[in-house]
Each structure stands twice: as structure tokens, then as C-alpha cells.
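What follows is a single structure, written as C-alpha cells, with notes after it.
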Amino acid sequence: MRKILVTSALPYANGHIHLGHLVEYLQTDIWARAQRLRGNRCVYICADDTHGTAIMIRANQENRTPEALIADMSAAHQRDFAGMGIRFDYYGSTNSAETRLYCEEIWRALRKADLIREKNVSQLYDVKAGTFLADRFVRGTCPKCGRTDQYGDSCQCGATYSPTQLVNPVSTISGTTPEVRDAVHLFVELEKLHAFLDDWTQNNNHLQPEMANYLAGHFLNDALYDWDISRPAPYFGFEIPDSPGNYWYVWFDAPIGYIGSTLQWCNANGENVDDWWRNDSAEIHHYIGKDITYFHTLFWPAMLKTANFTLPKKVHIHGFLTVNGEKMSKSTGTFILASTYLKHLNPAFLRYYYASKMTGRVDDLDLSFADIVSRVNADLVGNLVNLASRTAKFAGPTGLSAAYPEDGGLFANAAAKADEIAEAYETNDFARVTRLVMQIGDTANKFVEDSAPWNLKKDPEKQQQLQDVCTIALNIYRQMVIYLSPILPELARATAELLDENADSWRLESVKTPLVGTKVNKFSHILERMDPVKIDAMIAESQAINEAEEKQKGLLAKWNDGPEALENEPLAEECSIDDFTKVDLRVARIVEARHVPEANKLLQLTLSLGGGHTRNVFAGIKSAYKPEDLIGRLVICVANLKPRQMKFGLSEGMVCAAGAGGTEIFLLEPDEGAKPGHRVH
RNA sequence: CGCGGGGUGGAGCAGCCCGGUAGCUCGCGAGGCUCAUAACCUCGAGGCCGCAGGUUCAAAUCCUGUCCCCGCAACCA
Numbered sequence: 007m008r009k010i011l012v013t014s015a016l017p018y019a020n021g022h023i024h025l026g027h028l029v030e031y032l033q034t035d036i037w038a039r040a041q042r043l044r045g046n047r048c049v050y051i052c053a054d055d056t057h058g059t060a061i062m063i064r065a066n067q068e069n070r071t072p073e074a075l076i077a078d079m080s081a082a083h084q085r086d087f088a089g090m091g092i093r094f095d096y097y098g099s100t101n102s103a104e105t106r107l108y109c110e111e112i113w114r115a116l117r118k119a120d121l122i123r124e125k126n127v128s129q130l131y132d133v134k135a136g137t138f139l140a141d142r143f144v145r146g147t148c149p150k151c152g153r154t155d156q157y158g159d160s161c162q163c164g165a166t167y168s169p170t171q172l173v174n175p176v177s178t179i180s181g182t183t184p185e186v187r188d189a190v191h192l193f194v195e196l197e198k199l200h201a202f203l204d205d206w207t208q209n210n211n212h213l214q215p216e217m218a219n220y221l222a223g224h225f226l227n228d229a230l231y232d233w234d235i236s237r238p239a240p241y242f243g244f245e246i247p248d249s250p251g252n253y254w255y256v257w258f259d260a261p262i263g264y265i266g267s268t269l270q271w272c273n274a275n276g277e278n279v280d281d282w283w284r285n286d287s288a289e290i291h292h293y294i295g296k297d298i299t300y301f302h303t304l305f306w307p308a309m310l311k312t313a314n315f316t317l318p319k320k321v322h323i324h325g326f327l328t329v330n331g332e333k334m335s336k337s338t339g340t341f342i343l344a345s346t347y348l349k350h351l352n353p354a355f356l357r358y359y360y361a362s363k364m365t366g367r368v369d370d371l372d373l374s375f376a377d378i379v380s381r382v383n384a385d386l387v388g389n390l391v392n393l394a395s396r397t398a399k400f401a402g403p404t405g406l407s408a409a410y411p412e413d414g415g416l417f418a419n420a421a422a423k424a425d426e427i428a429e430a431y432e433t434n435d436f437a438r439v440t441r442l443v444m445q446i447g448d449t450a451n452k453f454v455e456d457s458a459p460w461n462l463k464k465d466p467e468k469q470q471q472l473q474d475v476c477t478i479a480l481n482i483y484r485q486m487v488i489y490l491s492p493i494l495p496e497l498a499r500a501t502a503e504l505l506d507e508n509a510d511s512w513r514l515e516s517v518k519t520p521l522v523g524t525k526v527n528k529f530s531h532i533l534e535r536m537d538p539v540k541i542d543a544m545i546a547e548s549q550a551i552n553e554a555e556e557k558q559k560g561l562l563a564k565w566n567d568g569p570e571a572l573e574n575e576p577l578a579e580e581c582s583i584d585d586f587t588k589v590d591l592r593v594a595r596i597v598e599a600r601h602v603p604e605a606n607k608l609l610q611l612t613l614s615l616g617g618g619h620t621r622n623v624f625a626g627i628k629s630a631y632k633p634e635d636l637i638g639r640l641v642i643c644v645a646n647l648k649p650r651q652m653k654f655g656l657s658e659g660m661v662c663a664a665g666a667g668g669t670e671i672f673l674l675e676p677d678e679g680a681k682p683g684h685r686v687h
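Heads up: the first sequence begins at 7 in my numbering, then just goes up one per residue.
Below, the structure is given as C-alpha cells:
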């Protein structure tokens with residue numbers, strides 16, 4: 007029995023899970039379930055990646071703590087994963103004591119190995135926001151081609167540069183012009199481990215050949231750069247113990263979260279973490295996307311090696327998701343959140359479809375809507391479930407035959423594929439699994455066709471034959487479901503129920519022993535057909551969500567309005583339209599304005615409502631306006647306010663103004679064209 | 001000359017590593033069956049495997065060149 011610990015890359019706590027993420031988590035989940043089906047011990051660990059500037063800034067904008075933000079996001083992530091049938095043994099967080107513990111341990115090891123050195127780094131600093139700016143938070147004019155509004159590190163023209171070279175840089179956080187500041191950063195001298203990395207990446211199949219090749223030709227053919235793994239405060243993360251004011255860069259602690267989360271799982275389950283992470287007989291497997299290859303195949307093994315942890319047995323790298331042949335797009339509604347998908351469609355559809363296209367190579371995976379419908383309906387409903395659907399009813403009254411009948415080798419042939427299927431699972435070639443299983447289904451459906459149980463049923467002499475045919479068909483169906491159970495756990499559960507079994511007790515070996523003499527429960531639809539209309543609804547909803555989000559983001563980013571005003575003065579209780587119409591607001595012109603000698607805050611205004619109607623109003627706006635600037639202006643006044651006798655005279659209304667008070671008073675003024683006397687509706 | 005992947009009947013893919021009559025699913029045409037979620041079964045039409053060279057008795061498969069498409073591009077999660 008192999009002892010396997012498998013991880014998926016940690017989703018960043020700055021966004022929700024979408025169908026692109028799910029390529030990875032489903033691939034890992036299927037692989038982990040397949041390992042268990044084969045009788046191996048397999049623990050699936052994941053966690054939220056919670057640190058970094060992006061989280062800090064977002065929390066700030068949403069006016070809450072990073073901890074509150076990541077807690078909400080973790081709950082949402084776990085809800086989405088559970089909905090998709092992804093079963094982790096443990097789901098942790100990098101913002102944990104356990105992860106910090108291992109960061110410190112690995113850090114000490116790096117120090118001890120003399121791999122850390124300090125260097126000065128010039129970076130753009132946002133004075134107003136009080137933070138250094140990562141490249142993605144700076145926009146400006148490209149120093150090469152002169153295009154405006156380009157990112158801090160690269161331009162549409164293809165040029166790459168340092169943010170400090172950007173012309174007219176602007177911080178996207180505060181909208182201010184950042185300045186260049188120096189800070190000390192800590193670097194890992196990766197080059198010192200070059201020989202080790204050459205060996206680890208190129209030998210013993212730790213990587214798919216194309217990725218080993220990629221690293222050899224792209225990074226390892228030259229001296230490796232020092233890796234900048236610290237960020238100066240303020241930063242949401244772990245402060246470096248021997249370098250106060252500096253924090254570990256999020257990519258330092260993210261993979262360490264694999265170990266930290268394992269420790270949490272161990273503590274909760276009476277396991278010893280060193281049995282997994284310091285044990286050469288345990289296998290560590292990572293699943294990642296090709297975009298983070300560098301971190302997981304160079305930095306990460308280097309850190310593990312230095313701190314004497316188990317090195318990964320394999321890093322499984324996959325490509326990206328495209329939808330209908332193109333990159334996911336918010337505007338066309340193909341950027342689909344897991345939660346949106348689950349509102350409309352059965353997770354089994356996506357699990358099966360992805361599986362049917364996963365080959366274990368780094369290729370991108372295309373989700374085609376037309377394709378998923380035909381694939382799911384043809385394979386799952388028409389081929390697989392149909393086999394049970396067309397025979398379970400006949401077998402219901404009698405149950406399965408007491409002895410497994412002669413079937414011309416059908417069962418044996420299906421059982422004989424076990425090794426091939428196990429191997430296909432091992433290499434992530436789930437597409438091969440589905441093809442092999444559907445072949446079994448093809449022959450089985452043909453068998454049912456040829457045996458015509460519906461005719462046997464009519465002949466009282468042939469009831470045994472009928473039972474035998476159904477016994478065969480249901481056994482083949484059962485074999486197929488066992489083979490597919492890592493991909494379709496819920497279907498496996500429902501099938502086990504039909505056959506009066508427990509899916510959890512199924513092992514791959516179970517396909518070799520026919521099920522006989524047991525009862526067959528009442529068949530009800532195990533899986534509905536996939537309805538294209540629901541896909542359309544899902545796309546429409548995604549589009550709506552994304553539009554609303556974009557719009558809000560656009561508005562907020564453009565104006566950068568803070569929450570202070572609302573906080574200082576929360577919204578009033580709801581009122582009716584009648585309540586509102588009781589207040590008669592009118593446009594008025596200030597025809598006279600003067601100081602009131604004894605008053606600190608008041609100006610005395612004479613308002614004209616047109617046609618010779620005037621009002622005397624005392625307004626508390628002295629701190630913000632001079633009388634001479636007011637004369638002639640149009641304002642809004644409350645015209646039916648009960649007059650109030652003041653020390654200085656009778657006040658016959660109010661002028662409307664917004665603001666916190668003091669110099670922050672802003673009179674309301676109607677747009678061009680309004681006339682004194684117009685009512686405000 | 002940045003890196004990686006891909007170009008196979010209308011669509012989506014397998015085959016390529018280890019050369020030997022081009023395969024699967026959908027779609028399309030004809031027929032059958034009627035147990036099943038308009039499902040299933042049979043037969044058929046449709047491809048000179050991006051293009052051009054080369055190696056070989058033989059190339060989708062190996063080599064070279066070329067065109068097109070997609071993704072990624074360390075310090076950015």
C-alpha cells in the first residue's frame with residue numbers, strides 16, 4: 007500500500023472559485039479518489055492562500071480586517087468545492103500558527119545554509135496609501151513606445167521594464183503619483199542549489215518531460231537569479247523574526263501552507279506530520295497550473311531540500327481552461343463561477359466532461375458547450391445509466407441470479423481492463439479511462455439489444471433467462487460505475503444503493519467478483535439529461551454578475567470614494583413617498599447675504615422664490631462660505647418648514663447642504679435652467 | 001530569432017514516444033428495435049492527418065524548413 011499526500015495549489019483568498027480553477031481541483035480529486043479505490047492511503051490537503059498586498063488592499067477598500075476577508079473567502083471556497091464533490095481530507099489556511107511554525111523552521115535552515123543575503127531594492131512607494139507598490143498596482147506610460155495606461159512591468163507593445171522606469175506612474179490604489187524609495191529586501195541565493203535543481207528536475211520523472219525540458223532550456227541553462235522573498239511593512243503576512251519590519255513574501259509561505267495544513271490535519275487526527283513530510287516512503291504529489299511551475303519546481307524543492315523535508319515525488323502540471331476555444335471572458339459570460347454553475351447544473355456533468363478531456367499533459371482544456379451536452383448525454387445517460395435503466399426494472403422482482411450466468415466473456419473482458427484503467431488514472435489520463443469504460447458500455451448495450459429482455463419477459467418459460475440477462479447487464483453496469491467512481495462519486499453512491507451495496511466498500515478489485523443473489527432496489531433516475539437551456543441560463547447569469555461587478559469596480563476605482571460619510575451618519579429609517587412629499591423643497595435664489603455680527607456660525611440670507619416672494623433664512627454656513635460669493639446663486643431650500651424664532655430674527659426655512667461641518671459644507675445647487683420657485687420632486 | 005502546446009472527415013478529440021491498410025463521440029443519411037431519460041442497435045456518406053522537402057520497402061507517426069492558432073512570459077497571487 008502506497009502512502010500518498012496530494013495537494014492542489016492553494017487558491018488565493020482574493021476571488022471566488024471559477025470553472026478554470028476547477029480543472030485543477032477536479033483533476034486532483036479524481037486522482038486522489040482513484041488512489042483510494044486502488045487501496046492506497048491517500049490524503050488530500052489544501053488551504054487558502056491568504057497573504058500579500060492584494061488581500062491587504064482589498065480588505066482596506068472594503069473597510070474590514072484582512073482576517074475577516076479571508077475567513078469569508080475560505081468559507082465560500084469550501085462551499086464551492088464541496089458542491090463540486092471535491093473532498094479534501096483537510097482544508098486549512100496559510101494564515102495559521104502551524105504554517106508560521108514551518109516558515110520559521112525553513113527560514114532558519116536557509117540562514118544556516120548561508121543562502122540568505124540582503125540587497126537594496128528601489129521600488130515605487132505610494133505616500134498616501136503608505137505602502138510599496140507591487141507592479142500590478144502601478145500604471146503609467148510605456149518608456150519604450152509611449153502608450154499610456156500600461157502596467158508597471160510590461161506594455162502592450164511587448165516591452166518589459168521596471169516600474170521605476172515608467173513615465174508618469176500613477177498608483178492604482180490612491181491615484182497619486184508614487185515616489186521611488188529604497189528598501190532592504192532579503193534574497194535567497196538559489197544559484198547555490200543549481201546542481202541539485204538540475205538533477206531533481208531532469209531525473210526520476212518528477213516532472214512531465216515537456217516541463218523538465220522547459221526548465222532546462224529556460225532557467226537552468228543560466229545562473230539562477232536571487233529570489234526576493236521579503237516585503238517591507240505594511241504587508242499582510244508573517245513578519246520575519248530576525249528582520250523586524252520585513253515580511254515573508256506571499257510566495258514564500260504559500261507552499262509552506264501545504265506542510266502547515268498537514269500539521270493541522272495531523273493534530274486533528276492523531277497523525278504524525280513527520281510520517282508524511284520527513285519520510286522517504288511517503289509520496290508527496292503536487293497538482294499545479296503551468297503558470298506557477300517556476301515556484302513549485304525550483305524554489306519549492308530548493309526550500310524542502312535545504313530544510314530536509316521529503317521532496318515531491320511528482321509535480322503534476324496542467325494547462326488552462328478555455329471556453330469555446332477562447333480564454334474565459336467576463337463580457338461574453340464565459341467567466342463562470344463554481345457557485346453559478348452549481349445553481350444551474352449537476353456537478354457530475356462537469357466532472358465527467360473534464361475527465362473525458364484530461365490526458366495528463368500540459369495542454370489547455372477546452373470547455374465547449376455544444377460538446378459537453380452531447381458528451382454527457384451520450385456517454386453518461388445514453389450509454390452508462392441507460393444500461394441500468396433498461397434492465398433494473400426487469401430484475402426488481404427477482405433480484406440477481408444466484409449464480410453468475412454464462413455471458414460470452416463480457417464480464418471477464420470488462421474486469422480485465424482493471425490494470426489498464428488503474429494505469430490511466432495513475433498518469434492522469436482520465437480521457438483514456440472514459441474511453442475504455444464507454445467501450446464496455448457499447449458491448450453491454452449491444453448485448454441487451456441482442457438478448458431482448460423485453461421479449462423474454464412475455465414468455466413464462468424464459469424467466470430464468472430474463473433474470474440472467476439482467477444480472478449480466480447490471481453487473482457490467484456495476485463494473486463501469488466502479489471504474490468511474492473517482493470521477494462520479496455521487497453516481498457511484500446511487501448505484502450502490504440500487505444494488506443494495508455500499509459504495510465506500512468498493513475497491514478496484516471489486517470489478518473482478520460478480521454480484522449475485524442480491525436484491526435490486528427500485529430504479530429511479532440516477533442522472534438527468536443535460537439541458538442546453540440551463541447552460542444558456544448559466545451564461546446569462548454569469549454575464550449579469552460580471553457586468554454588475556465590473557460596473558461597481560469601475561465606479562469605485564474611478565472615484566475612490568471612501569466609506570467615512572456613511573459611517574459618520576448612517577442611513578435613516580426608511581420613509582414613504584408621502585413622508586417625502588410633506589417636505590416642500592424649492593429652488594431659490596440668494597439675493598442677499600450678510601454676516602450676523604453676534605453669531606459664530608450663521609449667515610443671514612434673503613432667498614427669492616420668484617415673483618416677489620422672499621424668505622429670510624439663517625443658515626449655519628459661515629465657516630464655509632463668504633456672503634459675497636453667495637449672492638446670485640441658486641440653492642435648494644425647505645420652503646414649508648415651520649418658521650423658527652431665533653435670537654437674531656425669524657428664520658423662514660432652510661437651505662440644503664451636505665458635508666461633515668466646519669469648512670466641509672457644500673450647498674446644493676440645481677443644474678442650469680432651474681428657476682426660483684421650481685419644486686424638487 | 002523569448003518559452004511551451006496545438007493544427008487529423010462539419011464539431012470536439014484519440015492515434016504520434018515504440019513507423020506498416022486512419023479511429024472514437026457528436027452531427028448528417030438510410031434502416032431496425034421499442035425495455036430504457038426522443039434511448040439503444042445496424043449500415044452508410046464524409047478526411048490525400050496545416051504546407052513543403054527529406055529518411056525508409058513503408059510516415060499522421062521520425063528529421064528539416066515553413067505558415068497559422070492558443071497559452072505563458074521569474075521581481076505580478
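Where a beta carbon is used, it is the ideal one built from N, C-alpha and C, also for glycine.
Computed from a predicted model, the values in this text were never measured in an experiment.
Query	Result
Could you check where the beta strand (DSSP E) with V144 kicks off and where it finishes?	V144 to T147
Determine whether the beta carbon atoms of S407 and Q469 lie at a separation below 8 angstroms.	no
Using the rule of at least 16 other Cβ atoms within 10 Å of the residue's Cβ for burial, across every protein chain shown, is Y489 buried or exposed?	buried
Would you be able to state if there are at least three C-beta pairs under 8 angstroms between the stretch 514-529 and the stretch 477-487?	yes
Quick check on this structure: which residue in A394, E245, G447 and G251 has the alpha carbon closest to the alpha carbon of N419?	G447
State the start and end residues of the unbroken beta strand (DSSP E) segment that holds R600.	L591 to H601
Ignoring anything shorter than 4 residues, give me the alpha helix (DSSP H) runs that lie fully in the stretch 386-428, in order along the chain.	392-395, 398-401 and 416-421
When the distance is taken between beta carbons, is I10 closer than 8 angstroms to E289?	yes
Just to check my reading of the structure: L75 and A19 have Cβ atoms closer than 8 angstroms, yes? What is that Cβ distance to the nearest angstrom?	7 angstroms
So, is G339 buried or exposed, given that buried needs 16 or more other C-beta atoms within 10 angstroms?	buried
Entirely within the stretch 272-334 and at least 4 residues each: give me those alpha helix (DSSP H) ranges in chain order.	280-283 and 306-312
Quick check on R237: buried or exposed, where buried means 16 or more other Cβ atoms within 10 Å of its Cβ?	buried
What are the boundary residues of the alpha helix (DSSP H) that includes C109?	A103 to K118
Using 10 angstroms around the beta-carbon of K363, count the other beta-carbons present and answer buried if the total reaches 16, otherwise exposed.	buried
When you compare only the Cα positions, how much space is there between K423 and A38?	20 angstroms
For A409, which option in E455, P403 and Q471 has the closest C-alpha, if you only look at C-alpha atoms?	Q471
Where does the unbroken alpha helix (DSSP H) through K363 begin, and where does it stop?	P353 to K363
Let me know the secondary structure DSSP gives P175 once reduced to three states.	strand
R650 to L656, Cα distance in whole Å?	6 angstroms
Does DSSP put N433 in a helix, a strand or coil?	The amino acid occupying residue 433 in the given sequence is Thr; Asn does not appear at that position. Note: T433 maps to coil in three-state DSSP.
Specify the secondary structure class of W460 as computed by DSSP and reduced to three states.	helix
Tell me the DSSP bridge mates of Q610?	R600 and F624
Give me the DSSP bridge partner(s) of C581.	None, per the DSSP bridge assignment.
Please classify H322 as buried or exposed, where buried requires at least 16 neighbouring CB atoms within 10 angstroms.	buried
Between V176, V623 and H191, which lies nearest to E185 when the distance is taken from Cα to Cα?	V176
Checking 8 angstroms against the spacing of the C-beta atoms, do T268 and V256 come in under that value?	no
Please report how far the alpha carbon of P459 lies from the alpha carbon of M7, in whole angstroms.	43 angstroms
Less than 7 angstroms between the CB of R114 and some heavy atom of the ligand SAH, yes or no?	The model on display carries no ligand, and the ligand SAH is accordingly not part of it.
Going by other Cβ atoms of all chains shown within 10 Å of its Cβ, with 16 needed for buried, is H224 buried or exposed?	exposed
What three-state label does DSSP hand F586 in the structure shown?	helix
May I have the straight-line CA-CA distance separating K134 from T182, to the nearest angstrom?	7 angstroms
Between the beta-carbon of I262 and the beta-carbon of I112, is there less than 8 angstroms?	yes
Extract the residue ranges of the beta strand (DSSP E) inside the stretch 51-111, only unbroken runs of 3 or more that lie entirely within it.	96-99
Indicate the three-state DSSP secondary structure (helix, strand or coil) for C476 in the structure shown.	helix
What does a CB cutoff of less than 6 angstroms around R187 pick up in its chain, not counting 5 residues either side in sequence?	Y131
Thinking C-beta only, is G91 closer than 8 angstroms to P495?	yes
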